[in-house]
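Participant: Protein chains in written order, with this note's numbering: chain F, 91 to 205; chain D, 396 to 508. Even for Gly, the Cβ is constructed at its ideal location relative to N, Cα and C. Note that the structure is a prediction, hence the values are computed from the model and not measured. Pasting a structure here, questions to come.
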Amino acid sequence: GAVVSQHPSWVICKSGTSVKIECRSLDFQATTMFWYRQFPKQSLMLMATSNEGSKATYEQGVEKDKFLINHASLTLSTLTVTSAHPEDSSFYICSASYPTDYGYTFGSGTRLTVV
Amino acid sequence: QKEVEQDPGPLSVPEGAIVSLNCTYSNSAFQYFMWYRQYSRKGPELLMYTYSSGNKEDGRFTAQVDKSSKYISLFIRDSQPSDSATYLCAMSRSGAGSYQLTFGKGTKLSVIP
């Protein structure tokens with residue numbers, strides 16, 4: 091089945107620094123990947139849709155200059171949180187759809203803590 | 396009104412009980428309905444996938460969709476402590492491919508041995 095690998099699983103960074111999160115589809119090519127954010131006891135909120143070879147589509151209210159998404163190949167999408175602040179601390183999850191499957195496969199998530 | 400409503404619980408049941416989890420939605424364009432299970436600090440994993448109205452069974456899990464009432468359910472029979480997790484309903488207007496999912500808040504379930 092489809093496997094999506096996400097790294098790192100957790101990261102602690104200082105306020106003002108940038109953090110990069112990687113999402114890889116291991117055994118399939120993912121034309122489209124999605125990035126979500128999840129606060130404690132809250133649902134997954136879609137941040138952006140990442141399309142290989144083109145600019146990401148951001149949801150309303152998501153700062154595209156702060157959350158940089160790059161989908162340079164069919165197996166890798168990255169999310170960079172630039173100039174991170176404590177309010178950016180959250181659980182970030184990526185997902186991708188296997189071409190012939192239904193539903194989406196999710197990465198294991200990245201817990202970001204900004205101190 | 397949110398597009399997808401789901402009671403966050405928490406829901407606590409004894410081992411062996413039948414669990415009923417539900418979501419309501421407002422967008423009649425939703426055609427595909429999914430249930431995900433999420434363990435703490437992990438990404439969601441797909442449990443059940445249903446297209447349009449009807450029932451679907453997989454082992455101890457049964458998913459029901461009633462599009463006329465805009466209501467979906469997940470039943471877990473003979474619940475086990477390993478079923479303790481947060482269950483998220485999700486839905487989309489399209490199936491496999493690039494269409495985005497809309498999630499409920501999730502219901503936290505605890506199955507007590």
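For residue 410(D), which of helix, strand or coil comes out of DSSP?
Facilitator: Here residue 410(D) is taken as the residue at index 15 of the second sequence, counted from 1. It is coil, neither helix nor strand.
Participant: At a CB-CB cut-off below 7 Å, which residues of chain D make contact with residue 154(F)?
Facilitator: Residue numbering aside, residue 154(F) sits at position 64 when the first sequence is read from its first letter. Here the premise fails: no neighbours, minimum Cβ distance about 17 Å.
Participant: Going along the chain, which residues of its own chain have a beta-carbon closer than 6 Å to the beta-carbon of residue 466(D), five neighbours each way excluded?
Facilitator: Numbered from 1 along the second sequence, position 71 holds the residue referred to as residue 466(D). If we look at residue 466(D) and ignore the five residues flanking it on each side, its Cβ neighbours are 419.
Participant: Is there contact here, the segment 155-173 of chain F with the segment 98-117 of chain F, by at least three beta-carbon pairs under 8 Å?
Facilitator: Contact between the segment 155-173 of chain F and the segment 98-117 of chain F is present, because at least three Cβ pairs lie under 8 Å.
Participant: Quick one: is residue 500(D) buried, meaning 16 or more other Cβ sit within 10 Å of its Cβ, or exposed?
Facilitator: Mapped onto the second sequence, residue 500(D) falls at position 105. So residue 500(D) counts as buried.
Participant: Which bits of chain D does residue 151(F) rub up against, with CB to CB less than 8 Å?
Facilitator: The residue given as residue 151(F) occupies position 61 in the first sequence. Near residue 151(F) there are no residues of chain D at all, since even the closest Cβ is about 15 Å away, more than 8 Å.
Participant: Residue 458(D) bridges to which residues according to DSSP?
Facilitator: By 1-based counting over the second sequence, the position of residue 458(D) is 63. Answer is 451(D), 469(D), bridged to residue 458(D).
Participant: At a CB-CB cut-off below 8 Å, which residues of chain D make contact with residue 145(F)?
Facilitator: The residue labelled residue 145(F) in the question sits at position 55 within the first sequence. Under the 8 Å cutoff, chain D gives no residues; its nearest Cβ is about 15 Å from residue 145(F).
Participant: Check whether the Cβ of residue 431(D) lies closer than 9 Å to any Cβ atom in chain F.
Facilitator: Position 36 of the second sequence holds residue 431(D). Yes, its Cβ sits closer than 9 Å to a Cβ of chain F.
Participant: Drop a sphere of 10 angstroms on the beta-carbon of residue 161(F), count the other beta-carbons inside from all chains shown, and report buried for 16 or more, exposed for fewer.
Facilitator: For this step, residue 161(F) is matched to residue 71 along the first sequence. The residue in question, residue 161(F), is buried, as its Cβ has 16 or more Cβ neighbours within 10 Å.
Participant: I need the DSSP call for residue 142(F), collapsed to helix, strand or coil.
Facilitator: Taking the first sequence and counting its residues from 1, one reaches residue 142(F) at position 52. In this structure, residue 142(F) counts as coil in the three-state DSSP scheme.
Participant: Determine the direct distance from the alpha carbon of residue 124(F) to that of residue 149(F), and round the result to whole angstroms.
Facilitator: Here residue 149(F) is taken as the residue at index 59 of the first sequence, counted from 1. Here residue 124(F) is taken as the residue at index 34 of the first sequence, counted from 1. One C-alpha to the other measures close to 11 Å.
Participant: Are at least three pairs of beta-carbons, each pair with one atom in the segment 468-486 of chain D and one in the segment 408-416 of chain D, less than 8 Å apart?
Facilitator: A contact exists between the segment 468-486 of chain D and the segment 408-416 of chain D.
Participant: Please list the residues of the segment 167-187 of chain F that have a C-beta atom closer than 7 Å to any C-beta atom in chain C, keeping them in chain order.
Facilitator: Within the model displayed, chain C is absent; protein chains F and D are what it includes.
Participant: Pick from 508(D), 427(D), 439(D), 422(D): whose alpha carbon is nearest that of residue 502(D)?
Facilitator: Here residue 502(D) refers to the residue found at position 107 when the second sequence is read from its first residue. Considering only alpha carbons, the answer is 439(D).
Participant: With burial defined as no fewer than 16 other Cβ atoms inside 10 Å of the residue's Cβ, what is the status of residue 424(D): buried or exposed?
Facilitator: For the purposes of this step, residue 424(D) is taken as the residue at position 29 of the second sequence. Burial call: exposed.
Participant: Using a Cβ-Cβ cutoff of less than 6 Å, which residues in the same chain neighbour residue 201(F) once the five nearest sequence positions on both sides are dropped?
Facilitator: Here the question's residue 201(F) lines up with position 111 in the first sequence. For residue 201(F), where only same-chain residues beyond five positions count, the Cβ hits under 6 Å are 100, 181.
Participant: Can you name the residues that DSSP bridges to residue 401(D)?
Facilitator: Working through the second sequence from its first residue, we reach residue 401(D) at position 6. In DSSP, residue 401(D) forms a bridge with 418(D).
Participant: Could you give the DSSP three-state label for residue 115(F): helix, strand or coil?
Facilitator: Here residue 115(F) refers to the residue found at position 25 of the first sequence. Note: residue 115(F) maps to strand in three-state DSSP.
Participant: To which residues of the same chain is residue 476(D) closer than 8 Å at the C-beta, ignoring the five residues directly before and after it?
Facilitator: Within the second sequence, the letter at position 81 stands for residue 476(D). So the qualifying residues of the chain are 410, 506, 507, 508.
Participant: Let's test the definition: count the other Cβ atoms within 10 Å of the Cβ of residue 159(F) and tell me whether it reaches 16, buried, or not, exposed.
Facilitator: The residue you call residue 159(F) lines up with position 69 of the first sequence. Classification for residue 159(F): buried.
Participant: In chain F, what lies closer than 7 Å to residue 416(D) by C-beta?
Facilitator: Here residue 416(D) corresponds to residue number 21 of the second sequence, with the count starting at 1. Those within 7 Å of residue 416(D) in chain F number zero; the least Cβ separation is about 14 Å.
Participant: Assign residue 149(F) to one of three DSSP states: helix, strand, or coil.
Facilitator: Walking along the first sequence from the start, residue 149(F) turns up at place 59. It is coil, neither helix nor strand.
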